[in-house]
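Chains as they are written, first to last, in my numbering: chain D, 1182 to 1516; chain L, 1182 to 1516.
Ideal placement from N, C-alpha and C gives every residue a C-beta, glycine not left out.
Contents: one structure, followed by commentary.
Right, here's the structure in full:
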């Protein structure tokens, strides 16, 4: 491995990404705590805002359940929602490869607009660049989002407390496997990205839980495993999850089996992990199950004192194994 | 020309860009007036904010006077400043081609950080994606910015009034020609990008002019000519400029001559155009000349009633000619 060059794995969201972050990216940020969360907190007058950005380079740009356009809306509004912020405004910057079919661009932009309307956000500013053929791959979209925090809770990635229940809002890996199947021309058999805007679900959870809601995070790049590992580190606690509580669709399980992938490391784009105080967990779970995006929500584990930053999993056969971060890159360009 | 494909000229900032905007991009924006200006206006509580985004794809990523990192800061903070907003926060999304030299990335990010510090803004959130070799060109950076408007003036691209004096803050085309020379390996002979953050100059102008400051815009893609044409259209007025009042360095004039380019269409990244009420124009100009970024500022023309949206130029030989928008793309990837 050449340490002098940037590798695909540096964009995986896993261990290599974290090293690049620590070495090169975090020193650029003016507030080093910001990069640990999905969005930065801004205070203006009496208002608390959340501000976030993500670049989308998904290949292919159209996949079952969405396009790079809707994904660029959902991913960014979800980053705001994970701070407990109501998404309000989006910016949208396009980098287009010369020769892109105009109709494809129109379809992507229409899907982006539909997704924004569905998420209740307004696309208020944009930019378009075109680069020569061969200098980009059809289309990349970077969206930034601004949302408002209308409560006094502090919801962030380091907020877990001992005793908290860990809730996952649904099935693992749907987005990653749908994109993978579309890219490789594999049979879809009902595979579909779960790409969706999570604010309306978060709003329900906030209303139910209030101060009992300690942490939210959407498991995107690196999947649930990598995300849990990040959260355990940020919170300085031990997370224990039950394999038996994890839901995976037969389609995702089947394709993962064929490709030798672990669904625990495959991205979602419409799911969330939450840490909730034990006394409120069942009520929050019940409320989530009444929401279309939380029908398959489950308590998948608990937060404990113990070895800080570790995640362990009770396997279905009764063993206990450590869960580590994604090491390299198993699925490039899924978002 | 194939109407079904996106062409390089669609990213030029000129006539083709405007057509793409009208046909495909504006329908996506929730507020169609936003795209006419450099930034969107947001109201939150008692505060007025400006919000903007730009993607940077400059080739090469290092050029005399800057890098894609500092350019990504200056371009975006200037879009805020052109709305009369004080730039406060930036987001930064990197799309990196696999195989980029780590040292080059470090240099670019260090330059980005220096530029942010110099402009008084904080980089508060970011994202990094890596795409396979050949799917991008080294590095693209998209920054978004949030600024605060601390006055009650309405400064926008449609704000010009009959009688206004048009002020240009310095020489034409410095950024575009420096990038061009660096890309083509031409002798630089003192060519240097003018990439710079303009807020401190705008603050002086606001202090001097108050309500007499009607319009601000930085002439980037498409140069001063295309920008004036946009502003004349937005304001619904006739702009008349004096060729003799336009400043061009000998280096820019020389290289433009060799390449057959018109400096009036070559981008700046550290200059601004302003429309100022006649009674305040001389005082504003004097104040600008005392600022390092306005030393070569000049009144270059006037705003008149007349054919709405037209720009005409009194040539040095005494003729009058119409100025049109950049038609295709004369200098791709200069920002």
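Listed by chain order, chain L residues near residue i by CB distance under 7 Å
i, result
"residue 1203/D", "Ordered by position in chain L, no residue passes the 7 Å Cβ test against residue 1203/D, which lies about 12 Å from the chain."
"residue 1195/D", "Chain L residues near residue 1195/D: none, gap ~12 Å exceeds 7 Å."
"residue 1274/D", "1234, 1235, 1236 and 1323"
"residue 1443/D", "Neighbours of residue 1443/D on chain L: none; closest Cβ ~21 Å, over 7 Å."
"residue 1253/D", "Here the premise fails: no neighbours, minimum Cβ distance about 11 Å."
Test: residue i CB closer than 8 Å to a CB of chain L
i, result
"residue 1380/D", "no"
"residue 1232/D", "yes"
"residue 1404/D", "no"
"residue 1360/D", "no"
"residue 1306/D", "yes"
"residue 1514/D", "yes"
Beta carbon proximity, residue i to chain D, threshold 8 Å
i, result
"residue 1293/L", "yes"
"residue 1332/L", "no"
"residue 1346/L", "no"
"residue 1226/L", "yes"
"residue 1337/L", "no"
"residue 1279/L", "yes"
"residue 1416/L", "no"
"residue 1374/L", "no"
"residue 1286/L", "yes"
Chain D contact residues for residue i, given Cβ-Cβ distances below 7 Å
i, result
"residue 1447/L", "Neighbours of residue 1447/L on chain D: none; closest Cβ ~17 Å, over 7 Å."
"residue 1242/L", "By Cβ distance, chain D contributes nothing, its closest Cβ being about 12 Å from residue 1242/L, past 7 Å."
Supposed close pair residue i, residue j - CB separation, criterion 8 Å
i, j, result
"residue 1312/L", "residue 1514/D", "6 Å"
"residue 1327/D", "residue 1300/D", "Not really, about 13 Å apart at Cβ, beyond 8 Å."
"residue 1495/D", "residue 1423/D", "5 Å"
"residue 1260/L", "residue 1233/L", "4 Å"
"residue 1518/L", "residue 1248/L", "Outside the displayed span of chain L (1182 to 1516) sits residue 1518/L, for which this structure offers no information."
"residue 1512/L", "residue 1357/L", "5 Å"
Where residue i falls: helix, strand or coil (DSSP)
i, result
"residue 1224/D", "strand"
"residue 1206/D", "helix"
"residue 1199/L", "helix"
"residue 1433/D", "helix"
"residue 1332/D", "coil"
"residue 1599/L", "In the structure as shown, chain L begins at 1182 and stops at 1516. Residue 1599/L is therefore absent and cannot be evaluated."
"residue 1506/D", "coil"
"residue 1364/L", "helix"
"residue 1246/L", "coil"
"residue 1482/L", "strand"
"residue 1350/D", "coil"
"residue 1188/L", "coil"
"residue 1230/L", "strand"
"residue 1468/L", "helix"
"residue 1497/D", "coil"
"residue 1326/D", "strand"
Chain L residues whose Cβ lies nearer than 9 Å to that of residue i
i, result
"residue 1268/D", "By Cβ distance, chain L contributes nothing, its closest Cβ being about 13 Å from residue 1268/D, past 9 Å."
"residue 1318/D", "1312, 1313, 1315, 1316 and 1317"
"residue 1223/D", "1269, 1270, 1305 and 1327"
"residue 1297/D", "1209 and 1211"
Residues that residue i contacts on chain D, provided the C-beta gap is smaller than 9 Å
i, result
"residue 1198/L", "1309 and 1311"
"residue 1282/L", "1185, 1186 and 1187"
Partners in chain D for residue i, counting only beta-carbon separations shorter than 8 Å
i, result
"residue 1470/L", "Under the 8 Å cutoff, chain D gives no residues; its nearest Cβ is about 32 Å from residue 1470/L."
"residue 1192/L", "1277, 1309, 1310, 1311 and 1312"
Contact set between residue i and chain L, taken where Cβ atoms lie within less than 8 Å
i, result
"residue 1290/D", "1205, 1206, 1208 and 1209"
"residue 1220/D", "1306"
CB contact below 8 Å: residue i versus chain A
i, result
"residue 1509/L", "This model lacks chain A altogether; the protein chains it does include are D and L."
For the stretch 1258 to 1310 of chain L, list the beta strand (DSSP E) runs that are entirely contained and at least 3 residues long, ordered along the chain. 1267 to 1278
Contained beta strand (DSSP E) runs [length at least 3] in the stretch 1375 to 1457 of chain D, N- to C-terminal order: 1394 to 1398, 1419 to 1423 and 1454 to 1457
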